[in-house]
Ligand SMILES: *[C@@H]1O[C@H](CO)[C@@H](O)[C@H](O)[C@H]1NC(C)=O
Ligand SMILES: *[C@@H]1O[C@H](CO)[C@@H](O)[C@H](O)[C@H]1NC(C)=O
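Numbering (our numbering), first residue to last: 3 to 928.
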């Protein structure tokens, strides 16, 4: 490729130079042409030179260069590829890639730090373009700008240079594309440019006036949400309407039934279960769990399953596969051939060659056959995968209609409505559409609504539109928007109209946003390219894109995330922005999390909280980016964080938010008083919301219990544990490990029992619960304070204490891992301790139970013995039993609760006896 490029380019260049020398029109022209090749133009060319440039085809040369450069473009396949692997080999490859990426490719592929130089042929091309640009060649300026912005033709990105050239171009002829790009740059400050919302608004407005759909989209969203300008519903509606009109025009320009809009926008994090991981994120837990689970990850399994079913002769599987090929979910290519083959398989079973119903047709496939006929008809009607043929299409629709298929009825209605292969006939169209609509086919409901609207029956039309909109039909959203906006047949409602228009506008993503490019770049691990592509869509107001951009910019994982066991390898896809200057913009991350949260993304809302929380930490290095010089700001950030969490917890039942609140209570962050009891309640609620959080919650509770136990033991002042009755020295100071353990066990048991009481106490609101920093008056109190203090610092601000102040970016990568690692180790240690304690506790309970049972058994035995008259032996045994009960069990030492029973009793329990089983069970352990 490079060699080919170089050769062509050399030829071109020498031709160019030769022509400049051999065909001199005049002396000035020769110099002008020589200068074209020269980079360093000292002075702007004069009028004469300019005329020569244009007269002698300088612009053509720019186009030649362009086409040569295009050969130089690496051919990314921005095509849709399965997001998930297919088959075993694919799976292996998929995970190999993940591991590989985790090991070596945590950085974007290109390292922008030592700004790569433009060299060789590319440099020659760029120099020529620069020269051409000095003759005010817009194409040259445009190319230069694009290369610097997108990094086309392997040119390194430079946003400043791009900004310069776009500005030149915009000043030159008011080029709308350039204006849009300038608006984008000023709005986002991408790549460290200056942010200036006023300029952004200005440039976008200019571009939108020239009909630039991207600027229209941006402005609509800005006025809708009040970003960089005052909120204005009317303006939002007017811009959204422009985009929606274009969307409708595009839709109607398609084959019968309209152009199809493929949706490629999705949240990248959700493939991996959401920002906080599977189960912890709202997007993948609770009510969202099953739905999202099906869409992204499991399509391939479904396909495999359907394949198997098909081979077993399941007609339902055949048609489902057909629809899959025809409609193709995100990430898959449509395949009309395969779709048609599937549908024909069914049709051939049901109909004979001459169109009669086959006598051999299996019973019960009428419905499926009708559907298949409708699809075949649709493909013929639209010319998909085969030649367009209205006549044949109609034949198939008739077959479908004979079986009562609504999809066939709908298409037949369209044919009559638009006069496709049949004379136009509104009445018949209405009949067919109505039949289909009554079978609740949303498309037909929408089309019928339009018919009613044409006849002036706005009420009926509106009802049909609402039905269809419920199923997400774009057309009906558009008409609802129009009716609502103009107040026809209903009250005018600007907000609602804007919402409807927004749906329509965003549905037309092919017209203004490049999700396919962004997605495939992300899949490749080219995060910068993914970022550039999706920041545009984010500015257009797509919540998905905002979440994606924020995810790319998110410079650290959650401050207090549910520990998904903190193994760095697991977060493979996480781009490491430290290595990429472009992605190093926490301010923008917060901006997009906020916007995404405002569009009802709960995970983003919690993320917002995390950001504010980290800002509130004095040790946090983020402060260098958000200078806050007084404590008040830190406090207000804390409050914001709390608000975010509370909102997410209360209105959206987010387990993560509950968890975070629990953590804040555990550590007493900000205005939240340290309160182990409340913390436990939040942790419990988190578990209740989300069963998947069992492990982390259990661990956290263990830690909490440990802390509250310590708090109680050492006489700390935090609510939840404090033992009010027994305050004597002895109880506070356990002497041996065993005693400690027992104390813990008691505390744990009591804690549950005390819950209600503590609740009441807390409601009374006597706040003697002081901060942990106060050294306790009693021995051991200081220890508690220290522990809590250290602990709070360790977690707050993502290990703010462990990090060199103000040096988030210079610090090496291990920082992040270290924090996670230390936390993981703590957790693992705690888990170990917990396991031990739980084990001990269970052992003790088992021991107690055992004793109870033995006592019972003894009683029985005794009775038996008494009845049988063998009273000897029973008495000493009973005595022994009593002794055993008085003896405190030593957990951990005698895990099974009792020694081999034989030892105690001097004999083995007979098989079949209740004790025999116990003995065997105990025996296994020894
Ligand atoms: C802007 O300029 C470029 C280069 O001349 C051109 O290709 C593009 O069509 C222009 N855009 C508009 C909207 O005029
Ligand atoms: C440069 O790349 C971007 C995105 O990849 C693309 O949209 C644009 O059309 C390209 N520009 C040129 C001049 O090829």
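All C-beta atoms, glycine included, are put in the ideal place defined by N, C-alpha and C.
Beta-carbon proximity list for residue 225, same chain, < 6 Å, skipping 5 on both sides:
As a first step, residue 225 is located in the chain shown; it is residue number 223 there, counting from the start. Excluding residues within five positions, the ones whose Cβ falls inside 6 Å are 234, 237, 238.
Given this structure, state the Cα-to-Cα distance separating residue 71 from residue 555, to the nearest angstrom.
As a position in the chain shown, residue 71 is number 69, starting the count at 1. As a position in the chain shown, residue 555 is number 553, starting the count at 1. Their Cα atoms are separated by approximately 31 Å.
Please report the straight-line C-alpha distance between residue 409 and residue 550, rounded to a whole angstrom.
As a working note, residue 409 is residue 407 in the chain shown. As a working note, residue 550 is residue 548 in the chain shown. Roughly 37 Å separates the two Cα atoms.
- Task: Check whether the Cβ atoms of residue 324 and residue 344 lie closer than 8 Å to each other.
- Result: Working through the chain shown from its first residue, we reach residue 324 at position 322. Working through the chain shown from its first residue, we reach residue 344 at position 342. Their beta carbons are under 8 Å apart, which means residue 324 touches residue 344 by this criterion.
**Message:** Quick check on the DSSP output: the alpha helix (DSSP H) that includes residue 595 runs from which residue to which?
**Reply:** Reading the chain shown from its first residue, position 593 is the one you call residue 595. Segment 588-600, the alpha helix (DSSP H) holding residue 595.
**Asked** How would you call residue 707, buried or exposed, if buried means at least 16 neighbouring beta carbons within 10 angstroms?
**Response** Against the chain shown, residue 707 aligns to sequence position 705. Per the 10 Å Cβ criterion, buried.
Q) Are the segment 136-155 and the segment 46-62 touching by the rule of at least three beta carbon pairs closer than 8 Å? A) yes
query = When DSSP builds the beta bridges, which residues end up paired with residue 353?
reply = In the chain shown, the residue the question calls residue 353 occupies position 351. Paired residues: 359.
- Own chain, CB closer than 8 Å to residue 516, minus 5 neighbours either side, in chain order: As a position in the chain shown, residue 516 is number 514, starting the count at 1. Non-local beta-carbon contacts of residue 516 in its own chain, meaning distances under 8 Å to residues more than five positions away in sequence, involve 535, 538, 539 in chain order.
Q) Can you tell which of 415, 510, 176, 398 has the C-alpha that lies nearest to the C-alpha of residue 244? A) On the chain shown, residue 244 is found 242 positions in, with the first residue counted as 1. That would be 510, whose Cα lies nearest to the Cα of residue 244.
- Task: Can you say whether residue 202 is buried or exposed, counting buried as having 16 or more other CB atoms within 10 angstroms of its CB?
- Result: Numbered from 1 along the chain shown, position 200 holds the residue referred to as residue 202. Under this definition residue 202 is a buried residue.
Mind checking whether the beta-carbon of residue 152 lies closer than 7 Å to any heavy atom of ligand 3?
-> As presented, the structure is devoid of ligand 3, carrying ligand 1 and ligand 2 as its sole ligands.
Nearest neighbour of residue 429, chosen from 442, 441, 450 [CA to CA]
The residue you call residue 429 lines up with position 427 of the chain shown. Closest by alpha carbon: 450.
- Message: One question on the structure: do residue 161 and residue 193 come within less than 8 Å of each other, judged by their Cβ atoms?
- Response: The residue you call residue 161 lines up with position 159 of the chain shown. The residue you call residue 193 lines up with position 191 of the chain shown. In this structure, residue 193 lies closer than 8 Å to residue 161 by Cβ.
Q. Just to confirm, are residue 615 and residue 643 a CB contact at a threshold of 8 Å?
A. Stepping through the chain shown from its first residue, residue 615 is reached at position 613. Stepping through the chain shown from its first residue, residue 643 is reached at position 641. Against a cut-off of 8 Å, the Cβ pair of residue 643 and residue 615 comes out as a contact.
Item to complete: Just mark residue 592 as buried or exposed, buried being the case when its beta carbon has 16 or more other beta carbons within 10 Å.
Response: Taking the chain shown and counting its residues from 1, the one referred to as residue 592 is at position 590. Counting C-beta atoms within 10 angstroms of its own C-beta, residue 592 has 16 or more neighbours from the protein chains shown and is therefore classed as buried.
For the segment 652-705, which segments carrying the alpha helix (DSSP H) assignment without a break, of at least 4 residues, lie completely within its bounds, in sequence order?
-> The alpha helix (DSSP H) runs of length 4 or more contained entirely in the segment 652-705 are, from start to end of the chain, 657-669, 678-691.
Item to check | Top-ranked residue by Cα proximity to residue 333, from 318, 341, 268 | outcome: Mapped onto the chain shown, residue 333 falls at position 331. Answer by Cα proximity: 268.
| Around the Cβ of residue 175, are there at least 16 other Cβ atoms within 10 angstroms (buried) or fewer (exposed)? | Taking the first residue of the chain shown as position 1, residue 175 is located at position 173. So residue 175 counts as exposed.
### Query
Looking at the unbroken alpha helix (DSSP H) that takes in residue 58, where does it start and where does it end?
For this step, residue 58 is matched to residue 56 along the chain shown. First-last for residue 58: undefined, no H or E at that position.
Q) When we look at the beta-carbon of residue 1009 and count the other beta-carbons within 10 Å, is it buried (16 or more) or exposed? A) Because the chain is modelled from 3 through 928, residue 1009 falls outside the range shown and cannot be assessed.
3-residue-minimum beta strand (DSSP E) runs that sit fully inside the segment 180-244, ordered along the chain
DSSP runs (the beta strand (DSSP E)) wholly in the segment 180-244: none.
Review point. Is the segment 367-376 touching the segment 336-355, taking contact as three or more C-beta pairs under 8 Å?
Key: Touching, yes, given that three or more Cβ pairs across the two stretches are closer than 8 Å.
Does the Cβ of residue 177 lie closer than 7 Å to at least one heavy atom of ligand 1? Start at 1 with the first residue of the chain shown, and residue 177 comes out as number 175. Yes - ligand 1 has a heavy atom lying nearer than 7 Å to the Cβ of residue 177.
**OP:** Tell whether a beta-carbon distance below 8 Å holds between residue 378 and residue 417.
**Re:** For the purposes of this step, residue 378 is taken as residue 376 along the chain shown, with counting starting at 1. For the purposes of this step, residue 417 is taken as residue 415 along the chain shown, with counting starting at 1. No, the Cβ-Cβ distance between residue 378 and residue 417 is not below 8 Å.
Worksheet entry | Residue range of the unbroken alpha helix (DSSP H) whose run includes residue 402 | Looking up residue 402 in the chain shown gives position 400. Note, residue 402: alpha helix (DSSP H), 392-404.
By a C-beta neighbour count over all protein chains shown, 10 Å radius and 16 as the cutoff for buried, is residue 667 buried or exposed?
The residue you call residue 667 lines up with position 665 of the chain shown. Result: buried.
- Could you tell me whether the segment 247-267 touches the segment 512-528, using the rule of 3 or more Cβ pairs below 8 Å? yes
- Pick helix, strand or coil for residue 66, following the three-state DSSP scheme. Counting from one through the chain shown, the residue named residue 66 turns up at place 64. Here DSSP, grouped into helix, strand and coil, assigns residue 66 to helix.
Got a sec: does ligand 2 put a non-hydrogen atom nearer than 7 Å to the Cβ of residue 493? If you number the chain shown from 1, residue 493 lands on position 491. Residue 493 Cβ: outside cutoff for every heavy atom of ligand 2.
To the nearest angstrom, report how far apart residue 663 and residue 639 are at their CA atoms. Taking the first residue of the chain shown as position 1, residue 663 is located at position 661. Taking the first residue of the chain shown as position 1, residue 639 is located at position 637. Taking the straight line joining both Cα atoms gives about 15 Å.
Query - Beta-carbon spacing of residue 696, residue 703 below 8 Å - result: Taking the chain shown and counting its residues from 1, the one referred to as residue 696 is at position 694. Taking the chain shown and counting its residues from 1, the one referred to as residue 703 is at position 701. Their beta carbons are not under 8 Å apart, which means residue 696 does not touch residue 703 by this criterion.
task = My understanding is that residue 403 touches residue 411, with C-beta atoms under 8 Å, so please give their C-beta distance in whole angstroms.
result = For the purposes of this step, residue 403 is taken as the residue at position 401 of the chain shown. For the purposes of this step, residue 411 is taken as the residue at position 409 of the chain shown. Right, the Cβ-Cβ distance comes to about 6 Å (below 8 Å), so this counts as a contact.
Is there contact between the segment 500-514 and the segment 475-486, where contact requires at least three CB pairs shorter than 8 Å? yes
inquiry  = Let me make sure I understand the geometry here. Which of 390, 833, 164, 476 has the alpha-carbon closest to that of residue 701?
reply    = Indexing the chain shown from 1 puts residue 701 at position 699. Answer by Cα proximity: 833.
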